[in-house]
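Peer 1:
Chains as they are written, first to last, in my numbering: chain A, 1 to 551; chain B, 1001 to 1103.
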């Protein structure tokens, strides 16, 4: 966990007071909506179809049990008893009243939670690997660097009015769980030939209307220089990024139009001019931030405790353990993913009661810590293996032991037209129907790892471009249609999926996905060949033939 | 001279003006009595682009009470019942189409 200092607490509290005054002036008519809109957006407040939506940041996906209980309280007291975890380590409340928002913010501020810069044309929540600090083989905890960047860019005047929103993600593992290649800046911690820790810097990734995979702009930037180098990128973007056309305003367009070489030269020039001044991170500064992250007092535990050996005889436990429990850097401990994808449920939603129960379980089994991943699931990062059987039973009682992590029903979906004012089509009911179609766990296991991502519009909040199967809702003559892509992926080998053919109507989507999966099962050369690898080997054509032969 | 914004308003059938209430964000409809109602059945119906433009201008003038006013299509049933004219408005009028709990 990261412990906020007095400066952080003061900043958050001052922000609440400021926003309280702004809301008061808006409700009295002193501020017009035109004047107020940017102010509310800078505090994570959108206007959606039915109500205001309030987006709260969960920096680098780390929450304490106390913070999660407070989120549950906000869901219960100010909303309708549930929240929606997003693909960028935020939580959204869908029914909040503007008049009550300052009180909700004040209650969150008491536990160090805020909504600053969760919307607007500024630096958004800096995200990271949800297994940061506990994943085996990690170079070092990437959250230290996420926090340094968070501190530097929060309310930074130069970055408060960027051409468009700006998203950074950081990973420190070989396997990228933070989707860094589809971010404006992606940072990969690694060691250079001399064994020093630094970053590969990628730039210009993103999804939405014009998707791009990020390109490496510099293979190695030393840790002490990362702040100045990121700032150099932002300065070039701030200067040359387009403000005349919202659809061309993201840095990915600038990088694409200039070309990565020219863009890199501009950044290099800017970086040189900045010199090695105040932005060069002193070792003591890095260590100060590092010291504010606390790690649990792990016990010395056996690799395979008796409790686990015994529980392994229960096939239901084993099924859950196989896809929900991951290795931990400390012997005798595990990382446990809590699926927020129950069959028939809205992906990523958790009720206030579930949040409270997870907070209690985190206290009992995970040193009071919870993680939030971009796949819209939660995780308990420090569970002793001996406690896994008890934890599983407890999770099952609250509906959070669905054994489908990374399987076909572990679907990422945006809120879609049920909530979102930008959406063209619904996402959640498509996801719900697909989870019912693939509800049989034996079938899902036989299919293997398969990520379905659904977006209700081209803005791609459901990251459909990088789903193994991507589903994009579009509107045709007032009806919902869905374009299907296959072969996308969001990991270290990130790539965009390829369109298989014409969009299909709402009622046919689940049938089409079943056809694609059946085609895969018939085409894979062995059970271990993942869907995405079969698509890579064979291309789109056989799947296209299967889907459209009878349509 | 007509402004470019005004020229963009063109309706092809019966329409209403809808917005969200500023204080709590709930869906509201502009009424014929120059007020707002949470019920679609109270909405003022316009049939020409000029009428739509006028109703929208009136709605926009109430910047304190409502936010994000726009014109949306409706269907008029026999007997005068007003129905939303597209899926987006059906969802705004009737609420979520999904089960919130697993089923």
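A virtual CB, placed ideally from N, CA and C, is assigned to each residue, including glycine. Treat the numbers as computed from the prediction; the structure is a model and nothing was measured.
Would residue 492 of chain A count as contacting chain B if we go by Cβ distances under 8 angstroms?
Peer 2: no
Peer 1: Does any CB atom of chain A fall closer than 8 angstroms to the CB of residue 1004 of chain B?
Peer 2: Confidence at residue 1004 of chain B is low in this model, with a pLDDT of 49, below 50, so the placement of that residue is unreliable and no value is reported for it.
Peer 1: Find the nearest neighbour of residue 189 of chain A within the set A:5, A:132, A:211, judged by alpha-carbon distance.
Peer 2: A:132
Peer 1: From this set, A:5, A:340, A:506, A:146, which residue's C-alpha is nearest residue 1101 of chain B's C-alpha?
Peer 2: A:340
Peer 1: Whole alpha helix (DSSP H) runs in the region 45 to 90 of chain A with 4 or more residues, listed along the chain?
Peer 2: 65 to 78
Peer 1: Sort A:136, A:229, A:214, A:102 by Cα distance to residue 277 of chain A and report the nearest one.
Peer 2: A:229
Peer 1: Would you decide whether residue 446 of chain A is buried or exposed? Buried here means 16 or more other CB atoms lie within 10 Å of its CB.
Peer 2: exposed
Peer 1: Counting only beta-carbon atoms, is residue 1082 of chain B nearer than 8 angstroms to chain A?
Peer 2: no
Peer 1: Run through chain A and tell me which residues come within less than 8 angstroms of residue 1102 of chain B, C-beta to C-beta.
Peer 2: For residue 1102 of chain B, the C-beta contacts it makes with chain A under 8 angstroms involve 342, 343, 344, 345, 399, in order along the chain.
Peer 1: Exposed or buried, what is residue 1022 of chain B when buried is set at 16 or more other beta-carbons lying within 10 Å of its beta-carbon?
Peer 2: buried
Peer 1: From residue 324 of chain A to residue 535 of chain A, what does the alpha carbon distance come to, in whole angstroms?
Peer 2: 26 angstroms
Peer 1: Report the rounded CA-to-CA distance for residue 110 of chain A versus residue 408 of chain A, giving the unit in angstroms.
Peer 2: 39 angstroms
Peer 1: Taking a Cβ distance cut-off of 7 angstroms, strictly less, list which residues of the region 1016 to 1030 of chain B are near chain A, in chain order.
Peer 2: If the cut-off is 7 angstroms between Cβ atoms, the region 1016 to 1030 of chain B has 1020, 1022, 1023, 1024, 1025, 1026, 1027 near chain A.
Peer 1: Quick one: which residues of the region 97 to 121 of chain A get their C-beta closer than 9 angstroms to a C-beta of chain B? List them in chain order.
Peer 2: Shown in chain order are the members of the region 97 to 121 of chain A whose Cβ falls below 9 angstroms from a Cβ of chain B: 97, 98, 99, 100.
Peer 1: Report buried or exposed for residue 210 of chain A, applying the criterion of at least 16 other Cβ atoms within 10 angstroms of its Cβ.
Peer 2: exposed
Peer 1: Under 8 angstroms, Cβ to Cβ, is there at least one residue of chain A near residue 1064 of chain B?
Peer 2: yes
Peer 1: Using the three-state DSSP reduction, which class does residue 382 of chain A fall into: helix, strand or coil?
Peer 2: strand
Peer 1: Pull up the CB-CB distance for residue 431 of chain A and residue 474 of chain A, whole angstroms please, since I reckon it's below 8 angstroms.
Peer 2: Contact doesn't hold; Cβ gap of about 17 angstroms is too wide.
Peer 1: Counting only Cβ-Cβ distances shorter than 7 angstroms, please list the residues of the region 44 to 69 of chain A near chain B, keeping chain order.
Peer 2: Residues of the region 44 to 69 of chain A with a C-beta less than 7 angstroms from any C-beta of chain B: 47, 49, 50, 51, 52, listed in chain order.
Peer 1: Nearest CA to the CA of residue 1068 of chain B: which residue from B:1060, B:1075, B:1074?
Peer 2: Checked all of B:1060, B:1075, B:1074; the closest Cα to residue 1068 of chain B is B:1060.
Peer 1: 8 angstroms is my cut-off, CB to CB: does residue 1068 of chain B come that close to chain A?
Peer 2: yes
Peer 1: Beta carbon of residue 119 of chain A, beta carbon of residue 55 of chain A: below 8 angstroms?
Peer 2: Result yes, Cβ atoms of residue 119 of chain A and residue 55 of chain A sit closer than 8 angstroms.
Peer 1: So what does residue 190 of chain A bridge to, in DSSP terms?
Peer 2: A:198
Peer 1: Examine chain A for any beta-carbon lying closer than 8 angstroms to the beta-carbon of residue 1047 of chain B, and answer yes or no.
Peer 2: no
Peer 1: If we call anything under 8 angstroms between Cβ atoms a contact, is residue 298 of chain A one with residue 336 of chain A?
Peer 2: no
Peer 1: Buried or exposed: where does residue 403 of chain A fall if 16 or more other Cβ atoms within 10 Å of its Cβ makes it buried?
Peer 2: buried
Peer 1: Contact criterion: CB-CB distance below 8 angstroms. Does residue 1099 of chain B meet it with respect to chain A?
Peer 2: yes
Peer 1: Take every Cβ of the region 150 to 166 of chain A, pair it with every Cβ of the region 203 to 222 of chain A, and state whether three or more of those distances are shorter than 8 angstroms.
Peer 2: Verdict: no, contact absent.
Peer 1: Since residue 481 of chain A and residue 505 of chain A should fall inside the 8 angstroms C-beta cutoff, what is the C-beta to C-beta distance between them, to a whole number of angstroms?
Peer 2: 6 angstroms
Peer 1: Over what stretch of residues does the alpha helix (DSSP H) that includes residue 510 of chain A continue unbroken?
Peer 2: 509 to 523
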